[in-house]
Amino acid sequence: MTQLEYDGKAPPFGRSMLKYFAFDPNYVNLNHGSYGSLPLPVLAACNKLTMHVEANPDRFVRIEQKELITKCREQIAKFVGAKTDEIVLVRNTSHGINTIMRSFEWNSGDVIVTCNTTYEAMSVLARFLHDGPNHPEVSQFVIQWPTSHAAIVAGYRAHLRAIPRHDGQKVVALIDSITSVPGALMPWQALVQVCKQEGVYSLIDGAHSIGQEMNINLGVADPDFWVSNCHKWLYAKRGCAVMFVAERNQGIVKSSFPTSKVYISPPDRSFPGQSFIEQYDWNGTIDFVPPLSITAALEFRAWLGGERAINSYCHDMAMRGGVHLAKLLGTRVMDETGEFTLNMVNVQIPLSPNVRASTRIIDMFNQKMLAPTNRETKVSAGIFYHNTSWWARCSVQIWTELEDFEVLGDVLKEVCREVMRETQA
């Protein structure tokens with residue numbers, strides 16, 4: 001990063017933050033949660049590192065990269081309250097969860113527990129494993145809003161206890177820390193404890209957690225596995241994620257994906273988790289800039305004022321913006337109490353429930369909102385269907401102001417009318 005980019009105190013959050021991002025001036029980004037948004041100072045650090053790598057790739061790969069990756073692992077481990085040797089860096093959350101889930105030696109009668117709110121790619125992964133040899137069963141727990149954390153925990157416990165159990169059976173629970181759609185904070189720490197009490201492995205899909213969820217302390221929560229994207233809310237370069245595997249479970253994840261040259265066959269290991277860390281230091285040629293951008297992202301966040309300042313602004317704006325948008329649309333927010341809301345807010349949109357949920361409808365919204373032919377303004381928010389209603393998931397960031405919700409509201413009114421007209425034609 002350059003001195004110019006860090007000259008003086010950070011400006012206040014809101015519009016003044018837009019100069020630190022590369023957005024099209026006609027683009028209103030209320031969908032940061034999907035793909036992240038790379039700050040220009042972090043991008044500058046990435047470009048500088050890229051030039052350093054390309055100046056001497058052999059020196060970087062053979063001498064420098066391991067030390068730099070270890071530094072990032074140490075920083076992230078401290079950030080999430082874990083031991084450094086329980087943390088490795090992978091491409092994205094889906095990559096990490098696939099690595100873990102495909103590492104289990106599944107047997108007939110084993111069970112994978114998902115939710116109706118599980119991220120679609122992870123639900124499909126569970127189905128894929130079911131379709132494979134020994135096909136573990138898939139058991140789905142259903143969450144419908146309105147609800148409460150207490151109701152979810154009680155219902156989840158009952159769901160696990162209703163699964164027929166037998167000796168030697170593995171039950172693996174895939175739990176979101178923050179669901180994708182709707183964007184909602186789950187009582188995942190309490191669900192981890194339920195899993196422990198019921199003899200169930202807990203795998204936490206924390207794709208939206210790091211950088212949005214405060215005070216992640218994996219040492220206290222003690223899940224079996226936890227994976228989170230660093231390029232969504234933490235401001236790192238796409239794509240990189242942190243994968244936590246508790247020391248007690250590192251023998252389960254026998255191989256990185258792809259398998260590293262330092263893989264050791266289990267019978268030849270001096271302890272079950274031997275070579276776990278080393279396999280992720282090198283398992284093939286990649287662009288090392290995204291995982292190494294974590295250091296620059298953390299530096300930028302510290303300059304902004306730190307985690308509490310960032311997330312206090314975003315949470316407050318999400319709460320106020322959601323109410324404001326609902327009033328403009330004549331609808332409601334999904335989470336009226338705020339129990340499920342961090343920096344994403346879900347607002348019902350004025351689209352008839354008679355418009356059935358389908359990929360086609362979502363594609364229509366994406367096209368009309370992001371590539372309109374009748375206006376210059378482009379706006380993004382996550383559109384989804386839940387419990388007989390259509391909703392918009394709005395991700396709030398340090399550049400967001402109430403005016404952004406007003407822009408979104410005007411566009412949603414227009415697009416909803418267009419979708420209704422075209423689907424009824």
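full-length UniProt numbering numbers the first residue of the sequence shown as 1 and each following residue consecutively.
Just so you know, even glycine gets a beta-carbon here, dropped at the ideal spot from N, CA and C.
Asked, Found
"Validate contact between the segment 370-389 and the segment 288-302 using beta carbons, cut 8 Å, 3 pairs", "no"
"Identity of the residue in Arg417, Phe288, Asn354 nearest Asn47 by Cα", "Phe288"
"Nearest-angstrom Cα separation, counted from Pro372 out to Arg161", "50 Å"
"8 Å Cβ cutoff, Val242 in contact with chain D", "This model lacks chain D altogether, as it is built from one protein chain only."
"Span of the alpha helix (DSSP H), counted from its first residue to its last, around Asn98", "93-101"
"Paired residues, beta bridge with Tyr156 - DSSP", "Per DSSP, none; premise fails for Tyr156."
"Residue(s) in a DSSP beta bridge with Tyr385", "Trp390"
"Rounded straight-line distance, which links the Cα of Glu137 to that of Gly109", "7 Å"
"Of the residues Pro146, Asp131, Thr331, Gly206, the one placed nearest Tyr119, counting alpha carbons only", "Gly206"
"CB of Met73 within 8 Å of CB of Val53, strictly", "In the sequence under discussion, the amino acid at residue 73 is Arg, which differs from the Met named in the question. No; because the gap between Cβ atoms is not below 8 Å, this pair is not in contact."
"Inter-residue Cα distance where the pair is Pro146 and Leu191", "19 Å"
"Nonlocal neighbours in the same chain, by C-beta distance under 6 Å from Leu351, ignoring five residues either side", "Trp390, Cys416"
"Supposed contact pair Ser177 and Ser209 - C-beta distance, whole angstroms, cut 8 Å", "5 Å"
"For Trp233, the three-state DSSP class (helix, strand or coil)", "coil"
"Complete alpha helix (DSSP H) runs within the segment 184-251 (minimum length 4 residues, chain order)", "188-197, 218-221"
"CA nearest to the CA of Ala92, picked from Asn354, Val153, Phe257", "Just to set this straight, residue 92 is Asn in the shown sequence, not Ala. Answer by Cα proximity: Phe257."
"C-alpha distance - Val345 paired with Ala121, whole-angstrom precision", "22 Å"
"Option nearest Ser34 by Cα separation, candidates Phe60, Tyr235, Leu43, Tyr156", "Tyr235"
"Boundaries of the alpha helix (DSSP H) in which Asn366 is found, first to last residue", "359-370"
"Member of Met420, Thr377, Gln75, Val80 whose CA lies at the smallest distance from the CA of Asp404", "Thr377"
"DSSP state of Ile398 mapped onto helix, strand, coil", "coil"
"Residue interval of the alpha helix (DSSP H) (run including Pro35)", "Inspection of the sequence shows that residue 35 is occupied by Tyr rather than by Pro. Taken as a continuous stretch (DSSP letters only), the alpha helix (DSSP H) holding Tyr35 covers 32-35."
"Status (buried if at least 16 other CB within 10 Å, exposed otherwise) for Arg393", "buried"
"Status (buried if at least 16 other CB within 10 Å, exposed otherwise) for Gly409", "buried"
"Per-residue burial, Pro353 [other beta carbons within 10 Å of its own, 16 or more giving buried]", "exposed"
"Same chain, Cβ closer than 8 Å to Gly306, neighbours up to 5 away in sequence not counted", "none"
"Any 3 or more C-beta pairs closer than 8 Å across the segment 213-225 and the segment 179-194", "yes"
"Spatial distance of Thr84 from Ser180 (CA atoms)", "28 Å"
"Minimum C-alpha distance to Phe340 - residue among Pro25, Ile349, Leu185, Arg269", "Leu185"
"Assigned exposure category for residue 437 - 16 Cβ within 10 Å defines buried", "Beyond the ends of the chain as shown, which are 1 and 425, falls residue 437; an answer cannot be given."
"Buried versus exposed, by CB contacts within 10 Å (16 or more), Tyr156", "buried"
"Start-to-end residues for the alpha helix (DSSP H) that takes in residue 456", "The first residue shown for the chain is 1 and the last is 425, placing residue 456 beyond what the model contains."
"Span separating the alpha-carbon of Gly96 from that of Gly199", "23 Å"
"8 Å Cβ cutoff met for Val355 and Leu325", "no"
"Straight-line gap, Lys261 to Phe276 (C-alpha atoms, nearest Å)", "12 Å"
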